[in-house]
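Participant: One structure, as structure tokens, below. Some questions next.
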Amino acid sequence: MQLAKVVGSVVATKKNDFLIGTKLLIVQPMKFINKADEKEESKNGELLVAVDTVGAGIGETVLIVRGSTATRVAANESVPIDAAIVGIVDNIEIEEASLK
Amino acid sequence: MQLAKVVGSVVATKKNDFLIGTKLLIVQPMKFINKADEKEESKNGELLVAVDTVGAGIGETVLIVRGSTATRVAANESVPIDAAIVGIVDNIEIEEASLK
Amino acid sequence: MQLAKVVGSVVATKKNDFLIGTKLLIVQPMKFINKADEKEESKNGELLVAVDTVGAGIGETVLIVRGSTATRVAANESVPIDAAIVGIVDNIEIEEASLK
Amino acid sequence: MQLAKVVGSVVATKKNDFLIGTKLLIVQPMKFINKADEKEESKNGELLVAVDTVGAGIGETVLIVRGSTATRVAANESVPIDAAIVGIVDNIEIEEASLK
Amino acid sequence: MQLAKVVGSVVATKKNDFLIGTKLLIVQPMKFINKADEKEESKNGELLVAVDTVGAGIGETVLIVRGSTATRVAANESVPIDAAIVGIVDNIEIEEASLK
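Residue numbers (the working numbering), protein chains in the order written: chain A, 1 to 100; chain B, 1 to 100; chain C, 1 to 100; chain D, 1 to 100; chain E, 1 to 100.
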């Protein structure tokens, strides 16, 4: 899974039947680049569209799952999705010592 | 899923039987790179060939799904595809404040 | 799917039983990088080994599918492959105006 | 699979039902970049969240599996995960001569 | 599939039950970068851990399959792996003319 931040939403009136009623949020996977003495959170990069089933809101840090297993969050596994929000992150703990 | 723009089409006379009758469009995944005060939409990058089942046209922004779940848009799930257009995007809303 | 060019072949005498009899071609995924006024076809990059079931030859432009759905081109879906040639491309049409 | 180092943990109170009770660790895939006479272990790069079922701890080097097969480590394969820790690494042996 | 070179091995005493008895080798995917008049074999890059079922040895060039279909080389498909060695490469033929 990846940590991501919810940054927006998408409206698509014409879509695959299985997607009707799904909540589509735009998320930005978070990457941490570690250098010498700093821990940088790089938020630049790709934007994904993920199906939300946990009630995530804009600005929240979430846990996303990608690939075919993302369909398991849906009521109907026939939904053609490849990314889903599976949790809202309360706390991230990084052991500084284990980072170079 | 990813946001993409339809930029062309492909004709392949000789192909796998399951692909006969499918509409193959060339799409360009959209990436947003956020820097200081700007929100850039980087449209450079790879081109994919996706099966269209929602009636997308050249120039439209669409929602694409990649990987094995893309087959779920097809009448026959045995079709060997790994990308499909699952929606035509009407509106994208990005919360500026949530972007760095 | 991706557009690719067939550039070679591989011989592996000792291999998984399910691969016996398969035709293994080396393909180079094509990426189009768009800059200012030019449309460049970048052929540098990774080489893949794909199973051919459509009779593709060296130098031809083909359509490849990657991931687990590639197995659907095989007579036996138990074959451990992750890339297959599913079509020989006759024509690629890119709408210049839709590219930046 | 990939070699990775466990660097932290994640707490997500609100999450998909199937994830309740899973231990979520933050891991950093290890990449080895080989240049001239040195073997560098690049630990910078993306952080993943993986489900642990082997009792891994912070600072340990582990073996991770990604994609849909990660679900096979779970008691219930319906769990929507795409990364799992499947082993704790005791020893890595790299043949220097085989590296350029 | 990808061409790769076997460069080492991994020992993990504590691991997922399905992995007990599997031979875990470290492989380096080979990438060919083509420039002007040269054909360079770039061996730098990521290292993967793949399950071997064809008896590959250190220094050999092999064919690897990645993703969920890698499990098909195992006696038990429930094994949580995402990379496997499926062949030992005897010969690679690249048509120079087809490379740019």
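Just so you know, even glycine gets a beta-carbon here, dropped at the ideal spot from N, CA and C.
Just reading off the beta strand (DSSP E) that GLU96/B is part of, what are its end residues?
Facilitator: Where GLU96/B is concerned, there is no enclosing beta strand (DSSP E), given that its DSSP letter is neither H nor E.
Participant: Output yes if chain D places a C-beta closer than 8 Å to the C-beta of ILE26/A; else output no.
Facilitator: Output row for ILE26/A: interface = no.
Participant: Confirm, please, whether the CB-CB distance from ALA83/E to LEU47/E is below 8 Å.
Facilitator: No, the Cβ-Cβ distance between LEU47/E and ALA83/E is not below 8 Å.
Participant: Could you check what DSSP says for THR69/C in three-state terms: helix, strand or coil?
Facilitator: THR69/C: helix per DSSP, three-state reduction.
Participant: For chain E, check one thing: does any of its Cβ atoms lie closer than 8 Å to the Cβ of ILE85/C?
Facilitator: By this cut-off, ILE85/C is not an interface position.
Participant: Could you check how far apart the C-beta atoms of LEU3/A and VAL89/A are, in whole angstroms? I think they sit under 8 Å.
Facilitator: Sure, about 6 Å apart at Cβ, within 8 Å.
Participant: Measuring CB atoms only, is the segment 5 to 17 of chain D touching the segment 66 to 78 of chain D, in the sense that at least three cross pairs come out at less than 8 Å?
Facilitator: Output reads no: the segment 66 to 78 of chain D does not touch the segment 5 to 17 of chain D.
Participant: Quick check on DSSP: helix, strand or coil for LEU63/A?
Facilitator: Strand at LEU63/A.
Participant: Looking at C-alpha atoms only, which residue of MET30/E, PRO29/E, VAL7/E and GLY55/E is the closest neighbour of LYS23/E?
Facilitator: Answer by Cα proximity: GLY55/E.
Participant: Would you say ASN76/A reaches chain D, if we count a Cβ-Cβ gap shorter than 8 Å as a contact?
Facilitator: No - not a single Cβ of chain D is within 8 Å of the one on ASN76/A.
Participant: Is the beta carbon of VAL7/C less than 8 Å from the beta carbon of ILE94/E?
Facilitator: Contact flag set, yes.
Participant: Of the residues VAL73/C, GLU60/C and LEU19/C, which one's Cα is nearest the Cα of LEU19/B?
Facilitator: The option with the nearest alpha carbon to LEU19/B is VAL73/C.
Participant: Quick check on ASP17/D: does DSSP put it in helix, strand or coil?
Facilitator: Here ASP17/D sits in helix by DSSP.
Participant: Could you work out which residues of chain D lie near LYS31/E, taking near to mean beta carbons separated by less than 9 Å?
Facilitator: Here the premise fails: no neighbours, minimum Cβ distance about 12 Å.
Participant: Cβ of GLU46/B less than 8 Å from any chain C Cβ?
Facilitator: True, the Cβ-Cβ gap to chain C drops below 8 Å.
Participant: List the endpoints of the continuous beta strand (DSSP E) containing GLY8/D.
Facilitator: GLY8/D -> beta strand (DSSP E) spans 2 to 11.
Participant: So, under 8 Å CB-CB, SER68/D and SER68/E are touching, yes? Tell me the CB distance rounded to an integer number of Å.
Facilitator: Right, their Cβ atoms sit about 5 Å apart.
Participant: Can you tell me whether ALA97/D is buried or exposed? The criterion is at least 16 other CB atoms within 10 Å of its CB, across all chains shown.
Facilitator: Exposed.
Participant: Residues bridged to ALA105/A by DSSP?
Facilitator: The structure shown does not extend to residue 105/A, since chain A is modelled only from 1 to 100, so the question has no answer here.
Participant: Would you say ASP82/A faces chain B, with C-beta separation under 8 Å as the test?
Facilitator: Yes, ASP82/A lies at the interface with chain B (some Cβ there is under 8 Å from its Cβ).
Participant: Please list the partners that GLY8/C has in chain E, where partner means a Cβ-to-Cβ separation under 8 Å.
Facilitator: The contacting residues are ILE92, GLU93, ILE94, GLU95 and SER98.
Participant: Using beta-carbon positions only, say whether MET30/E and VAL86/E come within less than 8 Å of one another.
Facilitator: No, the Cβ-Cβ distance between MET30/E and VAL86/E is not below 8 Å.
Participant: LYS23/C lies in the beta strand (DSSP E); which residues open and close that run?
Facilitator: From DSSP, LYS23/C is part of no beta strand (DSSP E); its letter is neither H nor E.
Participant: Taking the C-alpha atoms as reference points, what is the distance between VAL27/C and GLY21/A?
Facilitator: Rounded to whole angstroms, VAL27/C to GLY21/A spans 40 Å at the Cα level.
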